[in-house]
Amino acid sequence: RVAAWILGLAFAVEMIVVFKNGLGESGGKLEGEFGGATVEAIGSAMMTKYIFPFEMISVVLIAALVGAIVIAKKFRYENEN
(Lines of atoms letter the chains of each structure in order from A and count residues from 1; the text may use other names and numbers.)
(Lines give C-alpha, C1' and ligand atoms only; values in the text may rest on other atoms or scores of the structure.)
Protein backbone atom coordinates (compact mmCIF):
# COMPACT_ATOMS: atom_id res chain seq x y z
CA ARG A 1 0.00 0.00 0.00
CA VAL A 2 2.79 2.40 0.82
CA ALA A 3 4.51 1.63 -2.47
CA ALA A 4 1.29 2.41 -4.34
CA TRP A 5 1.02 5.79 -2.63
CA ILE A 6 4.65 6.61 -3.39
CA LEU A 7 4.28 5.59 -7.05
CA GLY A 8 1.01 7.52 -7.36
CA LEU A 9 2.56 10.63 -5.89
CA ALA A 10 5.62 10.30 -8.14
CA PHE A 11 3.35 9.92 -11.18
CA ALA A 12 1.31 13.00 -10.22
CA VAL A 13 4.47 15.09 -9.76
CA GLU A 14 5.83 13.85 -13.07
CA MET A 15 2.61 14.79 -14.88
CA ILE A 16 2.66 18.27 -13.36
CA VAL A 17 6.26 18.78 -14.51
CA VAL A 18 5.53 17.42 -17.99
CA PHE A 19 2.48 19.62 -18.49
CA LYS A 20 4.23 22.66 -17.08
CA ASN A 21 7.33 22.28 -19.26
CA GLY A 22 5.71 20.61 -22.25
CA LEU A 23 3.58 23.52 -23.42
CA GLY A 24 6.58 25.62 -24.40
CA GLU A 25 6.29 29.02 -26.05
CA SER A 26 3.33 28.15 -28.24
CA GLY A 27 1.09 27.45 -25.26
CA GLY A 28 0.25 24.00 -26.62
CA LYS A 29 -1.17 25.30 -29.89
CA LEU A 30 -0.35 23.53 -33.13
CA GLU A 31 1.36 25.72 -35.67
CA GLY A 32 2.14 25.41 -39.34
CA GLU A 33 0.69 23.58 -42.29
CA PHE A 34 -0.45 19.99 -42.22
CA GLY A 35 0.15 18.80 -45.75
CA GLY A 36 -2.41 16.17 -46.67
CA ALA A 37 -3.70 15.66 -43.13
CA THR A 38 -7.37 15.97 -44.01
CA VAL A 39 -10.22 13.57 -43.36
CA GLU A 40 -10.38 12.73 -47.05
CA ALA A 41 -6.64 11.99 -47.25
CA ILE A 42 -6.68 9.81 -44.15
CA GLY A 43 -9.76 7.93 -45.35
CA SER A 44 -8.25 7.43 -48.77
CA ALA A 45 -5.02 6.07 -47.27
CA MET A 46 -6.93 3.75 -44.93
CA MET A 47 -8.98 2.30 -47.78
CA THR A 48 -6.13 1.93 -50.29
CA LYS A 49 -2.61 1.68 -48.92
CA TYR A 50 -3.46 0.44 -45.40
CA ILE A 51 -6.54 -1.70 -46.11
CA PHE A 52 -5.05 -4.96 -44.79
CA PRO A 53 -3.94 -3.56 -41.37
CA PHE A 54 -7.25 -1.71 -41.13
CA GLU A 55 -9.21 -4.92 -41.68
CA MET A 56 -7.01 -6.89 -39.25
CA ILE A 57 -7.61 -4.31 -36.54
CA SER A 58 -11.35 -4.54 -37.16
CA VAL A 59 -11.23 -8.35 -36.81
CA VAL A 60 -9.30 -8.07 -33.53
CA LEU A 61 -11.76 -5.50 -32.17
CA ILE A 62 -14.76 -7.65 -33.11
CA ALA A 63 -13.15 -10.69 -31.46
CA ALA A 64 -12.55 -8.63 -28.30
CA LEU A 65 -16.17 -7.46 -28.33
CA VAL A 66 -17.51 -11.00 -28.72
CA GLY A 67 -15.18 -12.21 -25.96
CA ALA A 68 -16.36 -9.47 -23.61
CA ILE A 69 -19.99 -10.37 -24.28
CA VAL A 70 -19.33 -14.07 -23.65
CA ILE A 71 -17.52 -13.32 -20.40
CA ALA A 72 -20.27 -10.94 -19.25
CA LYS A 73 -23.05 -13.43 -19.99
CA LYS A 74 -21.14 -16.27 -18.33
CA PHE A 75 -20.53 -14.15 -15.24
CA ARG A 76 -24.20 -13.21 -14.92
CA TYR A 77 -25.35 -16.81 -15.47
CA GLU A 78 -23.01 -18.13 -12.77
CA ASN A 79 -24.21 -15.53 -10.27
CA GLU A 80 -27.89 -16.37 -10.81
CA ASN A 81 -27.45 -20.02 -9.78
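Residues in the sequence shown are numbered from 11 upward in steps of one, following this note's numbering.
All C-beta atoms in this analysis are idealised placements derived from N, C-alpha and C, irrespective of residue type, glycine included.
In its own chain, leaving out the 5 sequence neighbours on each side, no residue places its CB closer than 7 Å to the CB of Leu75.
In this structure Phe64 is in contact with Met56, their Cβ atoms being roughly 5 Å apart against a cut-off of 8 Å.
If you draw a straight line from the Cα of Ser54 to the Cα of Val69, it comes to about 20 Å.
In the DSSP annotation of this structure, Ala47 is not part of any alpha helix (DSSP H), being labelled neither H nor E.
The DSSP-derived three-state label of Lys59 is coil.
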